[in-house]
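Step one of this worksheet: look at the structure below.
In my numbering, the protein residues as written are 4 to 171.
In C-alpha coordinates form, the structure reads like this:
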(Lines of atoms letter the chains of each structure in order from A and count residues from 1; the text may use other names and numbers.)
(Lines give C-alpha, C1' and ligand atoms only; values in the text may rest on other atoms or scores of the structure.)
Protein backbone atom coordinates (compact mmCIF):
# COMPACT_ATOMS: atom_id res chain seq x y z
CA UNK A 1 0.00 0.00 0.00
CA UNK A 2 1.50 3.35 -0.95
CA UNK A 3 2.04 6.11 1.60
CA UNK A 4 -0.50 8.34 -0.20
CA UNK A 5 -3.16 5.62 -0.17
CA UNK A 6 -2.45 4.87 3.50
CA UNK A 7 -2.63 8.58 4.34
CA UNK A 8 -5.93 8.89 2.48
CA UNK A 9 -7.47 5.97 4.34
CA UNK A 10 -6.08 7.17 7.67
CA UNK A 11 -7.49 10.67 7.16
CA UNK A 12 -10.91 9.30 6.20
CA UNK A 13 -10.95 7.05 9.25
CA UNK A 14 -9.79 9.85 11.53
CA UNK A 15 -12.46 12.17 10.18
CA UNK A 16 -15.11 9.49 10.65
CA UNK A 17 -13.89 8.85 14.19
CA UNK A 18 -13.94 12.56 14.91
CA UNK A 19 -17.56 12.69 13.85
CA UNK A 20 -18.28 10.22 16.62
CA UNK A 21 -17.44 13.05 19.00
CA UNK A 22 -20.78 14.47 17.97
CA UNK A 23 -22.41 11.75 20.06
CA UNK A 24 -20.63 13.08 23.14
CA UNK A 25 -20.42 16.79 22.41
CA UNK A 26 -23.96 17.58 21.33
CA UNK A 27 -25.91 20.26 23.18
CA UNK A 28 -27.58 18.90 26.29
CA UNK A 29 -31.04 19.34 24.80
CA UNK A 30 -30.18 16.80 22.12
CA UNK A 31 -28.83 13.47 23.32
CA UNK A 32 -27.35 11.66 20.33
CA UNK A 33 -27.54 7.89 20.70
CA UNK A 34 -26.30 6.82 17.30
CA UNK A 35 -24.13 8.28 14.56
CA UNK A 36 -24.44 6.60 11.18
CA UNK A 37 -21.81 7.43 8.55
CA UNK A 38 -23.38 6.63 5.19
CA UNK A 39 -20.72 7.90 2.80
CA UNK A 40 -17.10 9.03 2.82
CA UNK A 41 -16.00 10.74 -0.39
CA UNK A 42 -12.24 11.13 -0.73
CA UNK A 43 -12.21 11.90 -4.45
CA UNK A 44 -11.15 15.52 -3.79
CA UNK A 45 -8.46 14.57 -1.27
CA UNK A 46 -7.21 16.22 0.92
CA UNK A 47 -10.76 17.60 1.15
CA UNK A 48 -13.05 14.87 2.45
CA UNK A 49 -16.83 14.86 2.40
CA UNK A 50 -18.60 12.75 5.01
CA UNK A 51 -22.34 12.14 4.96
CA UNK A 52 -23.80 11.10 8.29
CA UNK A 53 -26.97 11.05 10.36
CA UNK A 54 -26.99 11.73 14.08
CA UNK A 55 -29.96 9.94 15.67
CA UNK A 56 -31.45 11.38 18.83
CA UNK A 57 -32.54 9.46 21.87
CA UNK A 58 -36.20 8.65 21.22
CA UNK A 59 -35.90 9.02 17.44
CA UNK A 60 -35.42 11.83 14.98
CA UNK A 61 -32.27 13.51 13.74
CA UNK A 62 -30.04 16.00 15.52
CA UNK A 63 -30.31 19.47 14.05
CA UNK A 64 -27.96 21.37 16.38
CA UNK A 65 -24.44 20.53 15.29
CA UNK A 66 -22.88 23.68 16.77
CA UNK A 67 -20.76 21.68 19.22
CA UNK A 68 -19.24 19.44 16.56
CA UNK A 69 -15.45 19.35 16.83
CA UNK A 70 -13.20 17.64 14.31
CA UNK A 71 -9.63 16.63 14.97
CA UNK A 72 -6.85 14.98 13.02
CA UNK A 73 -3.96 13.44 14.94
CA UNK A 74 -5.08 15.36 18.02
CA UNK A 75 -5.08 18.71 16.20
CA UNK A 76 -8.29 20.68 15.76
CA UNK A 77 -9.53 21.05 12.21
CA UNK A 78 -10.84 24.56 11.64
CA UNK A 79 -12.82 25.85 8.71
CA UNK A 80 -14.90 22.77 8.02
CA UNK A 81 -18.34 23.25 6.54
CA UNK A 82 -21.58 21.64 7.68
CA UNK A 83 -24.61 21.44 5.44
CA UNK A 84 -27.95 19.73 5.82
CA UNK A 85 -29.12 17.58 2.96
CA UNK A 86 -32.48 16.03 2.26
CA UNK A 87 -32.27 12.32 2.82
CA UNK A 88 -34.72 9.85 1.41
CA UNK A 89 -36.67 7.10 3.07
CA UNK A 90 -36.54 3.42 2.34
CA UNK A 91 -40.04 2.00 1.95
CA UNK A 92 -40.85 -1.65 1.44
CA UNK A 93 -44.34 -2.79 0.47
CA UNK A 94 -45.16 -6.47 0.98
CA UNK A 95 -48.14 -7.69 -1.04
CA UNK A 96 -49.81 -10.86 0.20
CA UNK A 97 -51.04 -11.79 -3.26
CA UNK A 98 -52.83 -15.00 -2.41
CA UNK A 99 -55.86 -16.30 -4.28
CA UNK A 100 -58.12 -13.70 -2.61
CA UNK A 101 -56.34 -10.75 -4.25
CA UNK A 102 -58.76 -10.94 -7.20
CA UNK A 103 -61.77 -10.75 -4.84
CA UNK A 104 -64.09 -7.76 -5.01
CA UNK A 105 -65.14 -6.74 -1.49
CA UNK A 106 -68.55 -5.24 -2.17
CA UNK A 107 -67.11 -2.51 -4.34
CA UNK A 108 -66.21 -2.10 -7.94
CA UNK A 109 -62.47 -2.72 -7.45
CA UNK A 110 -60.67 -5.96 -6.70
CA UNK A 111 -58.11 -6.14 -3.91
CA UNK A 112 -55.34 -6.16 -6.54
CA UNK A 113 -56.75 -2.97 -8.06
CA UNK A 114 -56.90 -1.37 -4.61
CA UNK A 115 -53.24 -2.29 -4.02
CA UNK A 116 -52.38 -0.83 -7.44
CA UNK A 117 -54.20 2.40 -6.58
CA UNK A 118 -52.46 2.71 -3.20
CA UNK A 119 -49.02 2.21 -4.79
CA UNK A 120 -49.86 4.81 -7.46
CA UNK A 121 -51.08 7.23 -4.78
CA UNK A 122 -47.85 6.77 -2.85
CA UNK A 123 -45.82 7.34 -6.03
CA UNK A 124 -47.76 10.50 -6.94
CA UNK A 125 -48.17 12.08 -3.52
CA UNK A 126 -45.42 10.87 -1.20
CA UNK A 127 -42.42 9.50 -3.08
CA UNK A 128 -39.38 11.77 -3.21
CA UNK A 129 -38.02 10.82 -6.62
CA UNK A 130 -34.29 10.28 -6.64
CA UNK A 131 -33.87 10.05 -2.87
CA UNK A 132 -36.45 7.50 -1.68
CA UNK A 133 -35.77 3.80 -2.20
CA UNK A 134 -38.94 1.79 -2.81
CA UNK A 135 -39.20 -1.99 -2.98
CA UNK A 136 -42.28 -4.14 -3.54
CA UNK A 137 -42.20 -7.74 -2.36
CA UNK A 138 -44.63 -10.28 -3.83
CA UNK A 139 -45.03 -14.05 -3.53
CA UNK A 140 -42.45 -16.08 -5.43
CA UNK A 141 -43.73 -17.30 -8.79
CA UNK A 142 -42.40 -17.98 -12.30
CA UNK A 143 -42.40 -14.28 -13.17
CA UNK A 144 -40.88 -13.20 -9.81
CA UNK A 145 -38.53 -16.03 -8.79
CA UNK A 146 -36.90 -13.93 -6.07
CA UNK A 147 -40.18 -12.42 -4.81
CA UNK A 148 -39.30 -8.90 -5.92
CA UNK A 149 -41.67 -6.88 -8.04
CA UNK A 150 -39.45 -3.82 -7.56
CA UNK A 151 -36.14 -3.48 -5.74
CA UNK A 152 -34.69 -0.12 -4.68
CA UNK A 153 -36.71 1.88 -7.18
CA UNK A 154 -35.88 5.58 -7.14
CA UNK A 155 -38.12 6.79 -9.96
CA UNK A 156 -41.86 7.36 -9.65
CA UNK A 157 -42.50 5.66 -13.00
CA UNK A 158 -40.68 2.52 -11.82
CA UNK A 159 -43.15 2.12 -8.98
CA UNK A 160 -46.16 3.03 -11.12
CA UNK A 161 -45.17 0.54 -13.83
CA UNK A 162 -44.63 -2.20 -11.26
CA UNK A 163 -48.04 -1.47 -9.71
CA UNK A 164 -49.94 -1.12 -12.98
CA UNK A 165 -48.57 -4.20 -14.70
CA UNK A 166 -48.39 -6.65 -11.78
CA UNK A 167 -50.41 -9.79 -12.31
CA UNK A 168 -50.28 -12.36 -9.50
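Backbone N, C-alpha and C fix where the C-beta goes; we use that ideal spot for every residue, glycine too. It should be emphasised that the depicted structure is a prediction, and the values quoted were computed from it without experimental measurement.
- Counted as a single uninterrupted DSSP element, the beta strand (DSSP E) harbouring residue 59 occupies residues 52-59.
- Within the same chain, and ignoring the five residues on either side of residue 42 in sequence, the residues whose Cβ sits closer than 8 Å to its Cβ are 52, 53 and 54.
- Taking 7 Å as the cut-off, the Cβ atoms of residue 120 and residue 92 do not count as close.
- About 5 Å separates the beta carbon of residue 126 from that of residue 163, a gap short enough to meet the 8 Å contact definition.
- Straight-line measurement puts the Cα of residue 155 at about 33 Å from the Cα of residue 83.
- The residue among 109, 96 and 150 with its C-alpha nearest the C-alpha of residue 118 is 96.
- For residue 154, the enclosing beta strand (DSSP E) starts and ends at 151-156.
- With respect to the 7 Å criterion, residue 153 and residue 139 are classified as neighbours on the basis of their beta carbons.
- In this structure, DSSP gives residue 136 an extended state, which the three-state scheme calls strand.
- Cα atoms of residue 133 and residue 89: separation of roughly 11 Å, rounded to the nearest angstrom.
- Using a Cβ distance threshold of 7 Å, residue 59 and residue 65 count as a contacting pair.
- Closest in alpha carbon position to residue 150, among 63, 78 and 100, is 100.
- As computed with DSSP, residue 93 is found in a beta bridge with 136.
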